[in-house]
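Report on the structure given below.
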Amino acid sequence: MWKKENNSGRKRRGAEIYFVLYLSALILLLPGKQEKKQNNALEAITSLFQQSFSLLPEKNTLLCKMTTDSTGLPIFQMDTSNILLITGNVQDVVLECIVEDQDVGEVVQVQSTPGSNFSIKYDSIKQLVFFSWHPPSSILTALSESKSYAVTVKAKAKPLVTGNNPELQQLIKSAEPTLMTEAKFNISILTEKNGNQPAKIVYTPAEQNLERLINTLQARTQFQIPESIKSILDFNTGNSIIDPNSNVMVIPMDKEALTLSPALPKIGSPALQNWSNRIIVQGIFSTENYEGKPKVLIEQQSDIPGTASVEVIKSGELLISGTAPGNSPMKVKVIVQRRSDKKTVMTDFEVFPTVFRVPEFPSEIRIGESIVIKPNINSMPGMDATAAITDENGQVLKQSLGGAPFTFDLANDRNSKFIYLERRIDGKLFGDRYRIEVKKDAPRIPFDPKVTKNYTDITVRTCGTFEGRPNRSKCKISDASNMKVQELYSSYSKAKDSDCYFQTFRFEKKDPDKPYSGSAQFIDIFGMETDPVPIGE
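Mapped onto this note's numbering, the consecutive letters of the sequence shown carry residue numbers 46 to 582.
Here's what the structure looks like:
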């Protein structure tokens, strides 16, 4: 049983906070550079407020199950709400909520509008955030695979200074510091394939008043309710027992069914690479109610075996991780026993190795040229694949989510000798970093000049594009005597075997009765040039 909260401890904590504020005020009164001292004091005060500002979710996972009753009718049991408690002395709270569909990588910005599948509301008086959701109608008839959503709630706020302290209030008001925090939880939909029958919806009873939030305060079958939380919420926990005199609530921990549900029944992973999977645990509200460490068993027939072990143990969740086998699937079994009633349950999931072909890409690229990249890698349950083109410093120039084929255009302002193709799995580099050479062909004269009595024709080969248009060369003449030049636009043509173009320039006499001479140089749009070419008599 947890001890009753000591009121003197709260008073001492309050005294410590105001002592820090008092020291900050003294800093402002010391002689010296006032602006620097104000900044130091403000940073100390803001840090103090930031430490107490947090978002605490009632539940780490909203678990939804599709099962089948005795008549074969599918039943969808949904946990559709969560409560988050805001702590700290703050005001002007602004919330942002993002929901990511982890199966397809789509992100939804939550808006509390009628008809939305996800909504979020804030009660500024109780400092509570209410999150709710309902699945789209299509999910009730077409869902045949488990789904998982990751919910992130972000909060911004301003410090709230209480009491009679005008100097501190003015300091906070003038600087307007912003405090930030966030909380994460999951929505897991576990389903069996039930044909095309529509599902009967059964909403699970609301778990009121932070039953799971108080997990951090639990003992095996009893835990204490802090006054700060009791004053905010009106507890009504059904079968639970509250003793107002001792401020202790007793919950029959072993009356809830003990179940294990893998977040992903099947996980794909490259052979011998790392993988992980979450196991949702219902019926254990404290890590102390596990009877020893959960067990992991592996069934496999691979010549190159994989591994699996328990990495993280929480009251409502286990994280299992390991390496994938080399050439055949393996089955991972997880066994949990509850200490309070010795009940034992087991679940399993499958890890299957995947072999990816080497990517397909050209060995070189020119400025302004468009190339096609085939990464030959794709996402699958439990594995997030991406492909990207990066520069020599690792900066991403273009990315393909899911590893789908994509095109890449080399920017005109790139001054790199190489670019690189990278494939990543769950953010980690997979395989080699493939190099693509950036070709910068200077203009050149591919043919001998055509020389006649009155003129000379020179053909120039220029490669690449600029802002979507072919790269062109200009002619620069020097030491010219009785010589003029013009481009023969009718002779302009494209090379058959490359992204290059031919231009012809004619150099002729100004006065046909006098000799002509000079030199010519050809410069493309990127400033690359040929050697000078002598012309004339």
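Glycine is no exception: its CB is placed at the ideal position from the N, C-alpha and C atoms.
Nearest to I422 by C-alpha distance, out of A432, I416 and E414, is A432.
Just measuring C-alpha positions, the residue of S126, V483, K388 and K419 sitting nearest I412 is V483. The residues P560, Y561 and S562, in chain order, have a CB closer than 8 angstroms to that of E582 in the same chain once the five nearest residues on each side in sequence are set aside. Residue state for K218 is assigned as helix, using DSSP reduced to three classes. Inclusion of P222 and P204 in the CB contact set at 8 angstroms is warranted, their separation being smaller than that value. In the three-state reduction of the DSSP assignment, Q95 falls in the helix class.
Distance from the CA atom of N527 to the CA atom of S536, rounded to whole angstroms, is 25 angstroms.
By DSSP's assignment, R478 forms no beta bridge with any residue.
With contact defined as three or more Cβ pairs closer than 8 angstroms, the stretch 493-513 and the stretch 469-481 are not in contact. When rounded, the separation of the alpha-carbon atoms in G448 and P577 is 48 angstroms.
According to the DSSP assignment, Q327 belongs to the beta strand (DSSP E) that extends over N319 to Q327. The straight-line gap separating the alpha-carbon atoms of Q147 and R323 is approximately 13 angstroms.
The beta carbon of R469 sits closer than 8 angstroms to the beta carbons of A430, T431, A432, A433 and F475 from its chain, once the five residues preceding and following it are set aside; these are given in chain order.
Beta-carbon to beta-carbon, V396 and W320 are separated by about 6 angstroms, close enough to satisfy the 8 angstroms threshold.
Nearest Cα to D569 within the set D558, E553, C545 and P557: C545. P579: member of the beta strand (DSSP E) spanning V578 to G581, first to last residue. The residue among K485, K443 and K376 with its C-alpha nearest the C-alpha of F571 is K485.
With contacts defined as CB atoms closer than 8 angstroms, I365 and Y335 fail to qualify as a contacting pair.
In the three-state reduction of the DSSP assignment, N127 falls in the strand class. Around the C-beta of P579, fewer than 16 other C-beta atoms lie within 10 Å, and the residue is accordingly described as exposed.
Your pair T392 and S306 checks out as a contact, with CB atoms roughly 6 angstroms apart and the cut at 8 angstroms. Bridge pairing for F511: R514 [DSSP].
Distance from the CA of T352 to the CA of P370, rounded to the nearest whole angstrom, comes to 7 angstroms. Straight-line measurement puts the Cα of R514 at about 58 angstroms from the Cα of S97.
For M573, there is no enclosing beta strand (DSSP E), as DSSP marks it with neither H nor E. Under the DSSP assignment, D146 falls in the beta strand (DSSP E) whose first and last residues are V135 to D146.
Residues of the same chain with a CB within less than 7 angstroms of the CB of G328, apart from the 5 flanking positions on each side, are E301, A302, L303, T304 and R383 in chain order. Inclusion of K419 and E409 in the CB contact set at 8 angstroms is not warranted, their separation being larger than that value.
For L205, no beta strand (DSSP E) run applies, since DSSP gives it neither H nor E. Closest by C-alpha distance to S360, out of L342, I325, G367 and V341, is I325. In summary, M225 is exposed, with fewer than 16 beta-carbon neighbours lying within 10 Å of its beta-carbon over all protein chains present.
Secondary structure note for Y561: it is in no beta strand (DSSP E), with a DSSP letter that is neither H nor E. Note on geometry: alpha-carbon atoms of N231 and E414 lie some 44 angstroms from one another. Here N231 is bridged, per DSSP, to T106 and A195.
For V417, the number of other beta carbons within 10 angstroms of its own is below 16, and it is reported as exposed.
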